[in-house]
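Engineer:
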Amino acid sequence: MFFPITPITIKPRKQKNKNDCFVQMSNQLFTNLLVNHNLDLNIKLGHKTIKTKVKTIEMDPNMMLIPENILKDFCLPIQEYKFQAIYHPDLLTLELGPVIGLLTDFPSNEEEEPHFRSIHAFCEELHHGITEIGGFFYVFSYDQFLNRGYYLINGKWSPFEHPLPDVIYNRIHSRKLEHSEPFKHFRNKLEALLIPLFNERFLSKWEVYNQIFHEKHLFPFLPKTKIYTKEHLYELTQEFETVFIKPVHGSQGRNIMKLKKEEDSQFSLQTSIAALNDRSRNNYLLDEVHQLIKQILHNRFYIIQQGIELVTYESCAMDFRVLCHKTLNNHWQVTSIVARVAAEDEFVSNIARGGRILKPLNVLRTCFDQKKSVEVFALMKKLALETASTISGSSTGITGELGIDIGVDQEGQLWIIEVNSKPSKNFEDGLGKIRPSAKALIQFCTLLAFESTIVKEDH
Numbered sequence: 088m089f090f091p092i093t094p095i096t097i098k099p100r101k102q103k104n105k106n107d108c109f110v111q112m113s114n115q116l117f118t119n120l121l122v123n124h125n126l127d128l129n130i131k132l133g134h135k136t137i138k139t140k141v142k143t144i145e146m147d148p149n150m151m152l153i154p155e156n157i158l159k160d161f162c163l164p165i166q167e168y169k170f171q172a173i174y175h176p177d178l179l180t181l182e183l184g185p186v187i188g189l190l191t192d193f194p195s196n197e198e199e200e201p202h203f204r205s206i207h208a209f210c211e212e213l214h215h216g217i218t219e220i221g222g223f224f225y226v227f228s229y230d231q232f233l234n235r236g237y238y239l240i241n242g243k244w245s246p247f248e249h250p251l252p253d254v255i256y257n258r259i260h261s262r263k264l265e266h267s268e269p270f271k272h273f274r275n276k277l278e279a280l281l282i283p284l285f286n287e288r289f290l291s292k293w294e295v296y297n298q299i300f301h302e303k304h305l306f307p308f309l310p311k312t313k314i315y316t317k318e319h320l321y322e323l324t325q326e327f328e329t330v331f332i333k334p335v336h337g338s339q340g341r342n343i344m345k346l347k348k349e350e351d352s353q354f355s356l357q358t359s360i361a362a363l364n365d366r367s368r369n370n371y372l373l374d375e376v377h378q379l380i381k382q383i384l385h386n387r388f389y390i391i392q393q394g395i396e397l398v399t400y401e402s403c404a405m406d407f408r409v410l411c412h413k414t415l416n417n418h419w420q421v422t423s424i425v426a427r428v429a430a431e432d433e434f435v436s437n438i439a440r441g442g443r444i445l446k447p448l449n450v451l452r453t454c455f456d457q458k459k460s461v462e463v464f465a466l467m468k469k470l471a472l473e474t475a476s477t478i479s480g481s482s483t484g485i486t487g488e489l490g491i492d493i494g495v496d497q498e499g500q501l502w503i504i505e506v507n508s509k510p511s512k513n514f515e516d517g518l519g520k521i522r523p524s525a526k527a528l529i530q531f532c533t534l535l536a537f538e539s540t541i542v543k544e545d546h
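So this is what it looks like as structure tokens:
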């Protein structure tokens with residue numbers, strides 16, 4: 088059955104005595120929520136339900152006054168809130184939400200305010216967006232899940248005992264941590280509590296390649312890619328002028344090698360591996376290259392990939408980051424596209440390696456005429472959406488956000504370079520506003536929160 092979602096404002100009120108436990112709401116809100124003409128009311132927030140009674144009084148529309156002791160029982164700081172509300176008449180239950188928890192890893196020091204590393208500013212943006220739209224947001228680490236989270240109050244992230252979330256957004260920074268035994272125990276706990284976790288893990292480059300490889304309509308946009316071996320090194324360097332060697336589980340442009348064919352069967356090597364910075368030169372033999380790479384591999388998997396002559400900007404390497412999010416109707420939408428231009432003397436465009444951000448159409452116009460630029464830009468959106476749909480349909484768990492890196496060659500052909508399940512939050516120009524990508528995440532969390540209410544129980 089469909090129940091309408093109504094935005095409401097919650098204000099705390101002090102009780103006159105211990106029996107004063109009534110929730111008060113305006114007559115208009117009472118009508119809008121289709122509340123039965125019954126004084127009994129259950130209020131549900133997160134995974135907790137509290138029984139109370141309701142009175143209607145003359146006050147601002149869409150407003151409720153809730154006794155402070157009920158807010159405390161919900162583990163909410165005493166202050167005014169906006170929430171989305173659904174009334175379930177068969178259960179006499181008013182559900183408030185969404186309660187959104189952002190999961191990440193960060194240094195913990197009880198004496199200092201926490202810093203959430205590369206997503207700290209983004210956490211503040213999500214807090215302000217959720218406060219504005221309606222809901223409750225906090226940040227936590229998996230090892231303190233049931234004990235402590237951090238809520239932004241008076242401009243400071245303060246620790247508190249939090250309500251269980253309706254949905255969790257995974258922004259763990261470490262692949263290693265996601266594969267640890269303690270994290271697996273945490274995941275099992277979420278499953279037992281029926282709490283959805285989305286973007287539950289990092290994607291590997293080889294996994295993404297194989298998912299796209301088997302889609303006929305996307306295959307032409309893939310650079311030829313193989314798992315790195317000596318045989319594949321010889322095969323691809325014979326077939327292509329340039330190849331890239333990348334870690335299967337890499338990110339942020341780290342540990343990448345670019346190999347380019349020169350004269351006399353020699354190769355030039357560029358690398359973003361700090362330990363090899365002094366080994367970049369133009370006269371390697373292929374056997375020498377392989378011996379050098381073997382020192383780096385340490386039994387880790389790397390891929391070797393066809394190099395493509397992509398368009399550049401002011402002679403600097405460039406690609407495009409397309410951010411995609413799931414919508415309320417479970418379709419994908421593009422929320423942001425930027426051109427990423429590499430720093431001088433860098434061959435990767437990642438912001439973490441000094442790259443800069445430019446408007447995509449402006450940059451495309453320096454490479455193609457107006458008509459071609461618009462065509463490429465439109466196709467870029469379409470390709471990103473098709474890729475997002477394929478990856479989310481092939482991956483385990485819930486996927487709500489993907490960052491898709493696309494290159495454009497000299498002819499205007501598009502190439503899928505990489506897909507990220509935890510895209511950087513430092514490349515969009517927010518200008519102090521709540522960005523479309525943040526709003527899309529909040530909407531998706533709201534969808535997950537209220538979708539799962541039918542199967543959740545009070546814990």
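Position 99 (the sequence shown) corresponds to 186 in my numbering; numbering is contiguous.
Glycine included, every Cβ here is placed at the ideal spot set by N, Cα and C.
Quantities reported herein were computed from a predicted structural model and do not represent experimental measurements.
With distance defined between alpha-carbon atoms, name the residue in THR312, ASN234, GLY499 nearest to THR329.
Structural biologist: The candidate whose alpha carbon is nearest that of THR329 is THR312.
Engineer: Taking one C-beta from the stretch 334-344 and one from the stretch 413-426 each time, how about it: are there three or more such pairs within less than 8 Å?
Structural biologist: No: the two stretches stay apart, fewer than three of their Cβ pairs being nearer than 8 Å.
Engineer: Thinking C-alpha only, which one of PHE209, VAL428, VAL409 is nearest TRP419?
Structural biologist: Out of PHE209, VAL428, VAL409, VAL409 has the C-alpha closest to the C-alpha of TRP419.
Engineer: Could you give the first and the last residue of the continuous alpha helix (DSSP H) run that contains HIS214?
Structural biologist: Where HIS214 is concerned, the enclosing alpha helix (DSSP H) stretches over 207-220.
Engineer: Output the boundary residues of the alpha helix (DSSP H) element that contains SER524.
Structural biologist: From DSSP, the alpha helix (DSSP H) with SER524 extends over 523-538.
Engineer: Taking the C-alpha atoms as reference points, what is the distance between ALA429 and ILE395?
Structural biologist: When rounded, the distance between both Cα atoms is 16 Å.
Engineer: Compute the Euclidean distance between the alpha carbons of GLU268 and ARG262, then round it to the nearest angstrom.
Structural biologist: The alpha-carbon atoms of GLU268 and ARG262 are separated by roughly 13 Å.
Engineer: Could you check the C-alpha separation between LEU445 and GLU431 for me, to the nearest Å?
Structural biologist: Those two C-alpha atoms are separated by around 15 Å.
Engineer: Near GLN500, which residues of its chain fall below 7 Å by C-beta distance, leaving aside the five closest residues on each side in sequence?
Structural biologist: So the list is empty, once near-sequence residues are dropped.
Engineer: Using only CA atoms, which one of GLY216, ILE299, VAL141 lies nearest to TYR168?
Structural biologist: It is GLY216 whose Cα lies nearest to the Cα of TYR168.
Engineer: According to DSSP, simplified to helix, strand and coil, what is TYR321?
Structural biologist: If DSSP states are grouped into helix, strand and coil, TYR321 belongs with the helices.
Engineer: PHE354 and MET344 look like a contact to me (Cβ under 8 Å); what is the Cβ gap, rounded to whole Å?
Structural biologist: At roughly 10 Å, the Cβ-Cβ gap does not stay under 8 Å, so PHE354 and MET344 are not in contact.
Engineer: If the criterion is Cβ atoms closer than 7 Å, does the pair LYS292 and VAL335 meet it?
Structural biologist: Yes.
Engineer: According to the neighbour-count rule (16 or more other Cβ atoms, all chains shown, within 10 Å of its Cβ), is HIS385 buried or exposed?
Structural biologist: Exposed, by the Cβ-count rule.
Engineer: Below 7 Å CB to CB, which residues in the same chain sit around ARG258 once its five sequence neighbours on both sides are set aside?
Structural biologist: If we look at ARG258 and ignore the five residues flanking it on each side, its Cβ neighbours are LEU189, LEU190, THR191, ILE206, LYS509.
Engineer: Rounded to whole angstroms, what is the Cα-Cα separation between MET101 and PHE407?
Structural biologist: Just to set this straight, residue 101 is Lys in the shown sequence, not Met. Going from the Cα of LYS101 to the Cα of PHE407 covers about 54 Å.
Engineer: My understanding is that ALA536 touches THR422, with C-beta atoms under 8 Å, so please give their C-beta distance in whole angstroms.
Structural biologist: Not confirmed; about 20 Å, so no contact.
Engineer: Taking Cβ positions, are GLY236 and PHE170 nearer each other than 7 Å?
Structural biologist: Their beta carbons are not under 7 Å apart, which means GLY236 does not touch PHE170 by this criterion.
Engineer: Out of ASN196, ASN119, ILE144, state which residue places its alpha-carbon closest to the alpha-carbon of ILE173.
Structural biologist: With distances taken between Cα atoms, ILE173 lies closest to ASN119.
Engineer: By how many angstroms is the C-alpha of LEU281 removed from the C-alpha of GLY358?
Structural biologist: A small fix is needed here, since residue 358 is Thr in this sequence, not Gly. If I take the Cα positions, the gap works out to 45 Å.
Engineer: So, helix, strand or coil for ILE165, using DSSP?
Structural biologist: ILE165: coil per DSSP, three-state reduction.
Engineer: Write down every uninterrupted run of the alpha helix (DSSP H) in the stretch 351-439 whose length is 4 residues or greater and which is fully enclosed by it, in chain order.
Structural biologist: With a minimum length of 4 residues, the continuous alpha helix (DSSP H) runs that stay inside the stretch 351-439 are 373-384.
Engineer: From the DSSP output, in three-state form, read off PRO307 for me.
Structural biologist: Helix, per DSSP.
Engineer: Based on the DSSP output, what are the partners of PRO334 in its beta bridges?
Structural biologist: The partner list for PRO334 (beta bridge, DSSP) reads TYR389.
Engineer: Report the option in GLN378, LEU356, HIS377, ILE383 whose CA atom is closest to the CA atom of ASN370.
Structural biologist: Ranking the options by Cα distance to ASN370, first place goes to LEU356.
Engineer: Select from GLY133, ILE390, MET151 the residue whose C-alpha is nearest the C-alpha of LEU233.
Structural biologist: Nearest option by C-alpha distance: GLY133.
Engineer: Can you tell me whether DSSP reads LEU448 as helix, strand or coil?
Structural biologist: Reduced to three states, the DSSP call for LEU448 is helix.
Engineer: When we look at the beta-carbon of GLY494 and count the other beta-carbons within 10 Å, is it buried (16 or more) or exposed?
Structural biologist: By the 10 Å Cβ count, GLY494 comes out buried.
Engineer: I'd like to check one pair, SER195 with MET146: are the Cβ atoms closer than 7 Å?
Structural biologist: No.
Engineer: How is the beta strand (DSSP E) around ASP492 delimited, first residue to last?
Structural biologist: Here the beta strand (DSSP E) through ASP492 covers 488-495.
Engineer: Give the secondary structure of LEU179 by DSSP, where H, G and I count as helix, E and B as strand, and everything else as coil.
Structural biologist: DSSP places LEU179 in coil when its eight states are reduced to three.
Engineer: Do LEU372 and ASP496 have their CB atoms nearer than 7 Å?
Structural biologist: Cβ atoms of LEU372 and ASP496: not closer than 7 Å.
Engineer: Which of the three DSSP states is assigned to ASP127 in this structure?
Structural biologist: Three-state DSSP puts ASP127 in a strand.
Engineer: DSSP on ASN156, reduced to helix/strand/coil?
Structural biologist: In this structure, ASN156 counts as helix in the three-state DSSP scheme.
Engineer: Let me confirm a value: ILE314 is counted as buried when at least 16 other C-beta atoms fall within 10 Å, else exposed. Which label applies?
Structural biologist: Exposed, since its Cβ has fewer than 16 Cβ neighbours within 10 Å.
Engineer: Quick one: is LEU264 buried, meaning 16 or more other Cβ sit within 10 Å of its Cβ, or exposed?
Structural biologist: When all chains shown are included, LEU264 counts as exposed.
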